[in-house]
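Residues 45 to 314 in my numbering are what the sequence shown spells out, letter by letter. Just so it is clear, CB atoms sit at the ideal spot from N, CA and C, and this is done for glycine as well. The structure under discussion appears below in the form of C-alpha cells.
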Amino acid sequence: MLVDLHIHTKACGHAEGTIQEYVRVAQAVGLQQMGFSDHFPQYFLPMAHRDPRWAVPTMAGFREYIRAVQELQRETAQPEILIGVEVDYRPGWCERVRSLLRPFPLDYVIGSVHQIGDWAFDILADDEEYSRRDIADIYEEYFHIVCQAATSGLFDIIGHCDLIKKFGYRLPNGLAGHAERFAAACRAGGVAVEINTSGLRYPVQEVFPAQIILSALFAQNVPITFGSDAHRPEDVGRDLELAMHMAREAGYKKIATFRRRRREMVSWHD
Ligand SMILES: [Zn+2]
Ligand SMILES: [Zn+2]
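Right under this line is the structure:
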C-alpha cells in the first residue's frame, strides 16, 4: 500500500497546480491513497498574530477546499482520496482549534509546529535568527512545543517533527534526548508521526524525521505514515521509496492510515 497523506493545494495561496493535476501524478506513481492536507486558517489566533500567506486565508476558503476535494473523490476511482488538514499548533489555543475543526468531515488532522513564539523559524527570510540564538536552546524550545502538540489530543499525525533542522542548523551533540522525549510524548498522546520527504528539498537535505527519532518511535510503538508535503503536482509521492527504506530500517512493517479520524494499520510493501 503506497500512501501520501501530506499534500497541499493552491487554496493555501502558496502551492501551485490544479487538484486534478495532483491526482494525475498520484496515478502515475501508483499511489493507492492520497490525502490532501491543506493549511487550516489561522482563525483561532488574534488578528495581529495571523499571517494570511501561510494558510487558507478564510473559513469560507477552507469550506470551499473541502467541497473541492469531496467533488474530486466523486470523480476519481483510483487512488482513494482522503480529506485531511494541516493545523499549525500554537500553545494555548487547543479548545478553539478543536471547536473550529469539529464541523468538517475530516479523515485526519496533521499537527505541525512552524513557529516558536512569533518566530516563523521555517521561513527563509527569518533565517538569521538561528545565529542570534543558542542552537541548543532553540531545539529545546522547539521539541517542548512539539511534545505539547503530541499530547494535546488534537491531532492524528504529527507533521515533519524535526522541522527545526530545515536550514541545516544541527545540534552538535545529536538528538538522542529529544528523540526519547518526543517518542514518549507521541505514545502518551496516541498520535502517529509522518515520514515527510520534503526535507530532502530544503538545505538540510534530509527526511523528517532523522533515523534516530524513527528508531525511538519504533521502540515506543508509535505508528508512522508517509507524506511528501507536495506544494506542486510533480512532488506528489516524491522520494517515498527512501521513506519506506528508512521505515524498514527502523523495524516498521505497517503504517497508519485514517478514515473519518479512525486509525487503521496497513502493510505498505505488498
Ligand atoms: Zn508544515
Ligand atoms: Zn505541509
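Residue Tyr152 holds the alpha-carbon nearest to the alpha-carbon of Thr269 among Tyr152, Gln71, Asp82. If you compare the alpha carbons of Ala72, Gly74, Glu60 with that of Asp82, the shortest gap goes to Glu60.
Residues Met290, Glu293, Ala294 of the same chain have their beta carbon placed closer than 8 Å to that of Gln255, with the five preceding and five following residues left out of the count. Going by C-alpha positions, Ile127 is about 12 Å away from Phe106. Ser242 and Asp273 do touch by the CB rule: their CB atoms are close to 4 Å apart, below 8 Å. Ser156 has its CB nearer than 7 Å to a heavy atom of ligand 1. Excluding its 5 nearest sequence neighbours in each direction, Pro267 has C-beta neighbours in its own chain below 8 Å: Ala236, Val237, Lys298, Ile299, Ala300, Arg307, Met309, listed in chain order. In the same chain as Ser259, and ignoring 5 residues on each side of it, the C-beta atoms closer than 7 Å to its own belong to Ala294, in chain order.
Of the other Cβ atoms in all chains shown, 16 or more fall within 10 Å of the Cβ of Met78; this residue is therefore buried. Of the candidates Pro85, Glu139, Leu284, the residue whose Cα lies closest to the Cα of Asn240 is Leu284. Residue side-chain check: His58 keeps its Cβ at 7 Å or more from all non-hydrogen atoms of ligand 2. With a cut-off of 8 Å on Cβ pairs, the segment 192-202 is not in contact with the segment 163-177, counting fewer than three such pairs. Contact check for Val157 against Phe211 fails: the beta carbons are separated by 8 Å or more. Within the same chain, and ignoring the five residues on either side of Arg140 in sequence, the residues whose Cβ sits closer than 6 Å to its Cβ are Phe88. For His204, the Cβ falls inside the 7 Å cut-off from some heavy atom of ligand 1.
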